[in-house]
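In this note's numbering, the protein residues as written are 57 to 311. Working notes, beginning with the structure itself.
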Amino acid sequence: MRTICFANQKGGVGKTTTCVNIAGILTTQKKKKVLLVDADPQCSATTYFLDPAMNEDKTITMLFGKEPRPEVNIIHSTRIASGNSRLDLVPGGYTLGGSLTEIAVIPNIGIRLRDFLKNHENNYDYCLIDCPPDIGFFTMNAFMASEDILVPIQPERLAVWGVAQLVERIAFYQEVNPVLKILGVFTSMFQAQFKSQKEWNEEIKMMFPNNFLGEIHRSALYGKAWDQSKLLCEMRVKTERPYRELVAITNKITS
Ligand SMILES: Nc1ncnc2c1ncn2[C@@H]1O[C@H](COP(=O)(O)OP(=O)(O)OP(=O)(O)O)[C@@H](O)[C@H]1O
Ligand SMILES: [Mg+2]
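See the structure below:
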């Protein structure tokens with residue numbers, strides 16, 4: 057199993073949207089077995105599949121108690137399946153965000169997600185982790201559990217500047233998890249008609265000459281899909297640019 061997390065401390069840059077949709081494409085088009093982990097207490101990824109007001113005993117919350125509870129099944133099947141391939145979900149935990157100060161002092165709490173995923177590594181081809189918009193506790197757990205990081209970056213001044221800080225933090229975690237690396241970055245919500253966005257897109261390419269994966273343009277289709285809690289792979293949009301762009305990035309990740 058290859059574990060890839062979607063991270064950027066900047067909020068609203070498209071982490072969840074790309075994470076869930078790439079998970080869908082890996083399952084339906086690449087015929088892979090995929091585990092999607094919602095590591096964000098906002099639970100945005102979860103809402104594509106389940107009511108996040110569900111019983112917290114069946115969510116990622118179970119991983120972060122005083123003692124780990126490996127006997128509790130927190131993996132849910134989703135409607136996304138095709139032949140032998142399937143997309144399973146570890147739902148996010150709404151209440152986790154509020155109890156961080158208590159959780160943070162528990163010994164070895166930073167590797168709970170890694171230990172959990174180790175127990176399931178033979179059941180999946182890929183694990184995709186959706187991180188919250190910070191480099192705090194849950195992102196740390198994701199960095200400890202992952203080998204690859206994907207970073208969506210909006211082509212704007214503050215967003216691009218913030219990436220330097222992210223890269224610095226990743227370097228810190230690489231010391232404790234030596235397999236961790238930035239697999240790729242991509243420009244998100246790109247509006248090529250704006251000169252400044254084009255310039256920032258070029259800046260992003262220059263910052264990451266070896267692992268720039270491409271652009272995802274802004275499209276109303278994402279809002280439409282989100283309103284219906286649907287992934288793009290479930291809609292009749294396979295010839296449209298948003299879907300093609302996601303497939304292109306998925307191809308680069310899997311090649
Ligand atoms: N390419 C796109 N075009 C248009 N809208 C988009 C695109 N990507 C994401 N969005 C919309 O932007 C909003 C934020 O996206 P998303 O939730 O994926 O960001 P995020 O980085 O996960 O946010 P957070 O940091 O809060 O977790 C959502 O309403 C989503 O539907
Ligand atoms: Mg998100």
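In this text, a Cβ means the ideal position worked out from N, Cα and C, and glycines have one as well. Predicted model only: the values in this text are computed from it and were never measured.
**Prompt:** Quick one: is the Cβ of residue 219 within less than 7 Å of any heavy atom of ligand 1?
**Reply:** no
**Prompt:** Alpha carbon to alpha carbon, how far is residue 284 from residue 261?
**Reply:** 34 Å
**Message:** By the DSSP assignment, the beta strand (DSSP E) with residue 268 in it spans what residues?
**Reply:** 268 to 273
**Request:** Have a look at 159, 184 and 70 and flag the residue whose alpha-carbon is nearest the alpha-carbon of residue 309.
**Result:** 184
**Prompt:** Distance, Cα to Cα, residue 245 vs residue 72?
**Reply:** 13 Å
**Prompt:** Excluding sequence positions up to five away, which residues of its chain have a Cβ less than 7 Å from the Cβ of residue 139?
**Reply:** 87
**Request:** Tell me, to the nearest whole angstrom, how far the beta carbon of residue 59 is from that of residue 203; I am working on the premise that it is less than 8 Å.
**Result:** 6 Å
**Item:** residue 93 versus 68, 122 and 199, residue with shortest Cα-Cα distance
**Value:** 199
**Request:** Just tell me which of 98, 111, 141 and 68 has its CA closest to the CA of residue 91.
**Result:** 141
**Prompt:** Quick one, which of 129, 81 and 148 has its alpha-carbon nearest residue 107's?
**Reply:** 148
**Asked** Going by the C-beta, is residue 286 closer than 7 Å to any heavy atom of ligand 4?
**Response** For ligand 4, the structure offers nothing, since it holds only ligand 1 and ligand 2.
**Request:** Go ahead and pull the three-state DSSP assignment for residue 312.
**Result:** Outside the shown range of the chain (57 to 311) lies residue 312, about which nothing can therefore be said.
**CA nearest to the CA of residue 275, picked from 289, 258, 299 and 267** = 299
**Request:** Under the assumption that residue 69 contacts residue 208 (Cβ atoms under 8 Å), give the Cβ distance between them as a whole number of angstroms.
**Result:** 5 Å
**Asked** So, are the CB atoms of residue 116 and residue 101 less than 8 Å apart?
**Response** no
**Item:** residue 145 versus residue 221: straight-line alpha-carbon distance, rounded
**Value:** 30 Å
**Request:** Sort out for me which residues DSSP pairs residue 62 with in a bridge.
**Result:** 186 and 206
**Prompt:** To the nearest angstrom, how far is it from the Cα of residue 278 to the Cα of residue 77?
**Reply:** 10 Å
**Message:** Less than 8 Å between the beta carbons of residue 166 and residue 97, yes or no?
**Reply:** no
**Asked** Taking 7 Å as the line, does the beta carbon of residue 103 fall inside it for any heavy atom of ligand 2?
**Response** no
**Request:** Out of 61, 67, 294 and 81, state which residue places its alpha-carbon closest to the alpha-carbon of residue 214.
**Result:** 67
**Message:** Taking the straight line between their C-alpha atoms, what separation do you get for residue 237 and residue 192?
**Reply:** 18 Å
**heavy atom of ligand 1 below 7 Å from residue 282 C-beta** = yes
**Prompt:** In this structure, does DSSP put residue 287 in helix, strand or coil?
**Reply:** coil
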